[in-house]
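A quick write-up on the structure given underneath.
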Amino acid sequence: MIPFKRLELARRQEVFDWFHQAGRLGCEYSFVNLYLWGRQHAAFVEGYLVVFSHFYGHSMYLFPSGHGPLKPVLEALREDAREREIPFRLTSMSVADCRAVEELYPGQFKFYPDRDGFDYLYEIDHLADLKGKKYQQKRNHINRFLESCPDWRAEPITPAWIPTCRDLLDRWYRIHLEADPHMQYHLEQLALDRAFQNYEALGLDGLLLLDGDKPIAMTIGSLISPTVYDVNFEKALGEVPGDYAMINRTFARYIREKYSQVQYLDREDDLGLPGLRKAKESYHPDRMVEQYSCVLKEDIDAV
1 MIPFKRLELA RRQEVFDWFH QAGRLGCEYS FVNLYLWGRQ HAAFVEGYLV VFSHFYGHSM
61 YLFPSGHGPL KPVLEALRED AREREIPFRL TSMSVADCRA VEELYPGQFK FYPDRDGFDY
121 LYEIDHLADL KGKKYQQKRN HINRFLESCP DWRAEPITPA WIPTCRDLLD RWYRIHLEAD
181 PHMQYHLEQL ALDRAFQNYE ALGLDGLLLL DGDKPIAMTI GSLISPTVYD VNFEKALGEV
241 PGDYAMINRT FARYIREKYS QVQYLDREDD LGLPGLRKAK ESYHPDRMVE QYSCVLKEDI
301 DAV
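Numbering-wise, the sequence shown is residues 1 to 303 according to my numbering.
Written out as structure tokens, the structure is:
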């Protein structure tokens, strides 16, 4: 079997550079996400970085990231799946990735679009400025926020602010679990806890929105590449009109000022949730990072 291991913080820059040089798009190709969502393990195989994931009873491999001949690494993953007695399934694939696999293994794989996993990319200037008629409703929401919270302020999240962020999150989860007790937030809560425990070591940025001294919204993010910035977490209590619109715009402006080279904000996927999809579409994404998966046809019945 391939000796997959948990990624260590010491390899953050190495993995960041690897993904960037390979030209991968999407929040899956982020050291921060691989580290925070802890059921993922990685290894270097045949000149590629490969990631093995296990979520909700399903095992899969992130499409390999690297350069050079692709077939040797795919053969190594196929053998690894055989030894683990699991279906050989690749995820987070682009259209070009699908074509490459089909060329190497004609007719042997079944391909599936993962619309729920498409990432929404926005030009950072569009979210920071909200210019034009299509953003009129967002500007209206922000005006309502400003009327309701004349004493608002935004604070960059530092270790000193983390206890306040934890209090806000405790309230957020309590509110949402009361509204829908069937929602599953456990993995997200674990990821946020790891983010706070390793906040500076992971190079995270965050912004806390307050009304006076009362926290009402927060965002945490990280660089995926020098030009693409990932919004890892965004929470607002919903107690003040326009709080989500305000934290969205304020964080976009904060990141634009801090990282002048960033061109896009990746606000990740919508998980197939209708409300989340509607919210992301309402900001008019400039690009969608399409995601596909494939399964070896002989393994389909075991998926």
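Think of the CB as a built atom: it goes at the ideal place given N, C-alpha and C, for glycine as much as any other residue.
- prompt: Would you say GLU200 faces chain C, with C-beta separation under 8 Å as the test?
  reply: Given the protein chain composition of this structure (a single chain), no chain C is represented.
query: Do ASP266 and LYS280 have their C-beta atoms within less than 8 Å of each other?
result: No. Outside cutoff.
message: Taking 8 Å as the cut-off, does the region 160–172 touch the region 250–263 (at least 3 CB pairs, one atom from each stretch)?
response: Flag = no, the region 250–263 and the region 160–172 do not touch.
message: For PHE111 and TYR292, which I take to be in contact (beta-carbon distance under 8 Å), what is that distance rounded to the nearest angstrom?
response: Indeed, because the Cβ distance is near 6 Å, the residues count as touching under 8 Å.
- prompt: By Cβ distance below 6 Å, which residues in the same chain neighbour SER34 in space, the five residues on each side in sequence not counted?
  reply: First, the amino acid is wrong: residue 34 is Leu here, not Ser. Within the same chain, LEU34 has close Cβ partners LEU7, GLN40.
field: Residues bridged to GLY66 (per DSSP)
entry: The secondary-structure analysis by DSSP pairs GLY66 across a beta bridge with TYR48.
message: To the nearest angstrom, how far is the alpha carbon of ASP205 from that of PRO156?
response: About 8 Å.
task: Return the residue from the list ARG256, GLY23, LYS71 that minimises the CA-CA distance to GLU103.
output: With distances taken between Cα atoms, GLU103 lies closest to LYS71.
message: Just to confirm before moving on: does the CB-CB distance between SER30 and ILE220 stay below 8 Å?
response: Not closer than 8 Å, so no.
field: Anticipated Cβ contact below 8 Å, LEU237 with TRP172, distance rounded
entry: That pair is a contact at about 6 Å.
task: Under 8 Å by Cβ, that's how I've got MET306 and LEU202 pegged, so tell me the actual separation to the nearest angstrom.
output: Here the chain comprises residues numbered 1 to 303, so residue 306 is not present and cannot be evaluated.
task: Could you please give me the residues that DSSP links to ALA154 through a beta bridge?
output: ALA154 is bridged by DSSP to LEU209.
- prompt: When the distance is taken between beta carbons, is ALA154 closer than 8 Å to ARG256?
  reply: In this structure, ALA154 does not lie closer than 8 Å to ARG256 by Cβ.
Cβ-based burial, ARG99 [other Cβ within 10 Å; buried from 16]: Classification of ARG99: exposed, given that the 10 Å Cβ count is below 16.
query: In the region 20–49, which residue ranges form an unbroken beta strand (DSSP E) of at least 3 residues, counting only runs that do not cross its ends?
result: For the region 20–49, whole beta strand (DSSP E) runs of length 3 or above, ordered along the chain, are 40–45.
message: Just to confirm the assignment, what range does the alpha helix (DSSP H) spanning ASP243 have?
response: Note, ASP243: alpha helix (DSSP H), 243–258.
message: I'd like the ranges of any beta strand (DSSP E) spanning at least 3 consecutive residues and lying wholly in the region 151–192.
response: Here the runs fully enclosed are 152–156.
message: Does TYR105 come out as helix, strand or coil in the three-state DSSP assignment?
response: Coil.
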